[in-house]
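**Q** First the structure, which I've put down as structure tokens, then a few questions once you've had a look.
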Amino acid sequence: KMSEAEGPKGGFGGFGGFFARAQQLATQAVENARPVAEKVKERAAQLDTTKVREVVQQAGVQAQEVLQRAQTAAEPQLAQARAMADKQAHSLAKVNAKTFLNANAQFGVPIENLAERGDDGMPLAAPRVPPVLEMMLARLETTQAEAFVSEGRPIFALPPDQQATRALAKAIDTNLNTFNFTNREVHTVAALLRQFLVELPEPVLTWQLYDEIITASQCTSEAQTADAFKRAIDKLPPASKVVAGRLVPFIARVASDGKLDIGTISLSFGPSLLRPKRKEGALRSLMEDLPAICAATESLIACSPALFPPQPASPPEAEAAAGGA
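Per the working numbering, the sequence shown starts with residue 5, numbered consecutively.
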């Protein structure tokens, strides 16, 4: 039997030495493996960094391709948005101070403002003949031929009473719906019509088409003239085209019914339908251009049936307003 004193010198002592030796070898193995592990770790880190860089670069390329495809796909919408913005800017540029000061204004207001908005001020799906213009034309269309002559002169050739005409225009600007056209003398309504057309910021047939329409009127045959006029009129803005389609046939009917001779009516309405855009020496330029303007107006009147299909009768609301309380 082994005594306690023999323990350290006996088998247990040998096992303790073996264990210590094993622990030493294990520690040395760990130390030997540490550099290898560090190299493996470093290599792994390098591989991960490279991989990440490749993934990032690839993602960047893919993102650029997606962006380019998105821009290409969106280009039509962007172009449409730019066109709408340009149109809106053009429309805002044409709105004058009078429109801002008085939302009910009828005189001195661009055609677009009157033709493209409803009575509630909201945009219409399609332009209409401005109600104020329809009311005046409806009143004049019910007039007998002899009433178009006053004191031996055509009413459209009479110099208007400027003060009275402005006062009536102001009343119309205040509230069109309460203005009674029926109880006005025909020469008064004629003066208001001329005033309305003269005060338009841009003539009915627009400045842009002036040269084209003048050239069209100089064609050698009536058929060529009508074709050239039609090409020009098709280029009109929608609101101007609607107004021209109502006004020119009215002028043609007045002339054909013998109410006015074509020369007088061309002189009266020509500059309101058609005139060039000039700032300096405007009156002098207009006088120089007047013969060509009148000749073009006469040609338009002659070609009216081919250019403007017959319009439906005046809307009941326009007739009612013309003969309102």
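The beta-carbon is built from N, C-alpha and C at its ideal position, and this holds for glycine as well. Here the structure is a predicted model, which means the values were calculated and not measured.
Drop a sphere of 10 angstroms on the beta-carbon of T301, count the other beta-carbons inside from all chains shown, and report buried for 16 or more, exposed for fewer.
**A** Under this definition T301 is a buried residue.
**Q** Among the residues of its own chain, which have a CB less than 7 angstroms from the CB of L251, if the five just before and after it don't count?
**A** These residues qualify, in order along the chain: V208.
**Q** Note down the Cα distance separating A175 from A227, rounded to an integer number of angstroms.
**A** Straight-line Cα distance between these residues: approximately 45 angstroms.
**Q** Among residues of its own chain, excluding the 5 on either side of Q185, which ones have a beta-carbon nearer than 7 angstroms to its beta-carbon?
**A** Correcting the residue type first, residue 185 is Phe in the shown sequence and not Gln. Excluding residues within five positions, the ones whose Cβ falls inside 7 angstroms are M139, M140, R143, V193 and A326.
**Q** I need the straight-line Cα distance from L201 to L118, nearest angstrom please.
**A** If I take the Cα positions, the gap works out to 13 angstroms.
**Q** Between T268 and A195, which are expected to be in contact by the criterion C-beta below 8 angstroms, what is the C-beta distance as a whole number of angstroms?
**A** Contact doesn't hold; Cβ gap of about 15 angstroms is too wide.
**Q** Helix, strand or coil: which one does DSSP assign to R121?
**A** Three-state DSSP puts R121 in a strand.
**Q** Contact check, I217 vs L278 under 8 angstroms by CB: the rounded distance?
**A** At roughly 6 angstroms, the Cβ-Cβ gap stays under 8 angstroms, so I217 and L278 are in contact.
**Q** Note the first and the last residue of the continuous alpha helix (DSSP H) segment covering S260.
**A** Its alpha helix (DSSP H) spans residues P242 to S260.
**Q** Nearest by alpha-carbon distance to V190: which of F152, L304 and T224 is it?
**A** Out of F152, L304 and T224, F152 has the C-alpha closest to the C-alpha of V190.
**Q** From S308 to A299, what distance separates their C-alpha atoms?
**A** Distance between the alpha carbons of S308 and A299: 14 angstroms.
**Q** Roughly how far, in whole angstroms, is the beta-carbon of K245 from the beta-carbon of L311, given that I think they are within contact range, below 8 angstroms?
**A** At roughly 11 angstroms, the Cβ-Cβ gap does not stay under 8 angstroms, so K245 and L311 are not in contact.
**Q** How is P314 classed by DSSP in three states: helix, strand or coil?
**A** Three-state DSSP puts P314 in coil, outside helix and strand.
**Q** Just the Cα atoms here: how many angstroms apart are D261 and G122?
**A** In a straight line, the C-alpha of D261 is about 33 angstroms away from that of G122.
**Q** Return the chain-ordered list of same chain residues with a C-beta closer than 8 angstroms to the C-beta of P127, the five sequence neighbours on each side being excluded.
**A** Here the set comprises E120 and R121.
**Q** If I measure Cβ to Cβ from P164 and keep anything under 6 angstroms in the same chain, skipping five residues before and after, which residues do I get?
**A** Within the same chain, P164 has close Cβ partners A195.
**Q** To the nearest angstrom, how far is it from the Cα of F104 to the Cα of V113?
**A** With a pLDDT of 49 at F104, under the threshold of 50, the modelled position of that residue is not reliable, and the figure given next carries that caveat. The alpha-carbon atoms of F104 and V113 are separated by roughly 10 angstroms.
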